[in-house]
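Read through the structure below, which is laid out as structure tokens, and then see the notes.
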Amino acid sequence: MRGKFITLEGMDGAGKSTHIPNIIELLKTRGFEVVSTREPGGTSLGERLRELLLHESMDPETETLLMFAARREHITQVIEPALARGAYVLSDRFTDATFAYQSAGKGVLPSKIRELEAWVQEGLQPDLTLLFDVPVSVSVERLASARAPDKFERESQDFFEKIRASYLERASGHPARFQIIDANRPLADVENSVKEIILSI
């Protein structure tokens, strides 16, 4: 039986990565093999591209092409083999992030991203996407007290407003796949929401 592909999305500072260990544990207690990965990254080449993407200044279309180059490696080397053997794949970001950051945030035409999506993914889409949503002011406040920021985390508040709006628009357009989680609540409440969704799969 083919596995399930679960992605976690949200603005920087939304706290999505905090919940990955709990999701892994929940799925493992139900007897599933879990492969936890991230984008950009997930493979040796992908992690090297990640360093460039997060820290080097480049044209937004170059950035988009590199994102999809890393994604193709990720799909062929990690995601598809794991799904084929029945594993659950948990990815910290996937293509929804490209529509949010490179298109809404940086102005790359969504039609170009859709073309790359069709070519690179060959129909692959997540079975479930957890969107961790917080107001931009909360995101900015959290990032201010975090580790040294990457180039995306140093962007303006206006940039993050575009990111959030794009994510919410994506969720509205794909309601069967997205679950929006209000991440501007106490951690325990967010954890309970995540647990309820995962246990309902």
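Quick note, the sequence shown lines up with residues 45 to 245 if you use our numbering. The beta-carbon is built from N, C-alpha and C at its ideal position, and this holds for glycine as well.
Selected residue, minimal CA-CA separation from residue i, among the options
{"i": "asparagine 66", "options": "Ile245, Lys239 and Ser244", "result": "Lys239"}
{"i": "phenylalanine 143", "options": "Arg198, Met111 and Pro154", "result": "Pro154"}
{"i": "glutamate 205", "options": "Ser101, Glu107 and Lys150", "result": "Lys150"}
{"i": "leucine 231", "options": "Ser61, Val184 and Thr120", "result": "Ser61"}
{"i": "glutamate 235", "options": "Ala58, His63, Ala128 and Leu175", "result": "His63"}
{"i": "isoleucine 201", "options": "Arg221, Glu213, Ala215 and Arg186", "result": "First, the residue type needs correcting, since residue 201 is glutamine and not isoleucine in the sequence shown. Among Arg221, Glu213, Ala215 and Arg186, the Cα nearest to that of glutamine 201 is on Arg186."}
{"i": "arginine 82", "options": "Leu71, Arg74, Lys48 and Arg94", "result": "Arg94"}
{"i": "valine 164", "options": "Ala215, Glu69, Pro104 and Ile119", "result": "Ile119"}
{"i": "valine 133", "options": "Ala209, Leu109, Lys72 and Val79", "result": "Val79"}
{"i": "glutamate 77", "options": "Ser101, Lys48 and Leu97", "result": "Lys48"}
{"i": "glutamate 161", "options": "Thr73, Leu109, Ile68 and Asp103", "result": "Leu109"}
{"i": "alanine 141", "options": "Asp171, Phe112 and Gln121", "result": "Phe112"}
{"i": "lysine 156", "options": "Ser189, Leu243, Ala131 and Pro104", "result": "Pro104"}
Counterpart residues of residue i in DSSP-defined beta bridges
{"i": "tyrosine 132", "result": "Val78"}
{"i": "isoleucine 253", "result": "The question about residue 253 has no answer here: the residues shown for the chain are numbered 45 through 245."}
Span of the beta strand (DSSP E) around residue i
{"i": "glycine 167", "result": "Note, glycine 167: premise wrong, no beta strand (DSSP E); not H, not E."}
For residue i, three-class secondary structure by DSSP
{"i": "glutamate 53", "result": "strand"}
{"i": "threonine 120", "result": "helix"}
{"i": "methionine 45", "result": "coil"}
{"i": "leucine 153", "result": "coil"}
{"i": "methionine 102", "result": "coil"}
{"i": "alanine 220", "result": "coil"}
{"i": "proline 125", "result": "helix"}
{"i": "serine 189", "result": "coil"}
{"i": "glycine 90", "result": "helix"}
{"i": "phenylalanine 196", "result": "coil"}
{"i": "glutamate 83", "result": "coil"}
{"i": "alanine 58", "result": "coil"}
Endpoints, the alpha helix (DSSP H) within which residue i is located
{"i": "aspartate 140", "result": "139-142"}
{"i": "lysine 239", "result": "231-243"}
{"i": "lysine 72", "result": "64-73"}
Chain D contact for residue i (CB, 8 Å cutoff)
{"i": "proline 154", "result": "Absence of chain D from the displayed structure is noted, only one protein chain being present."}
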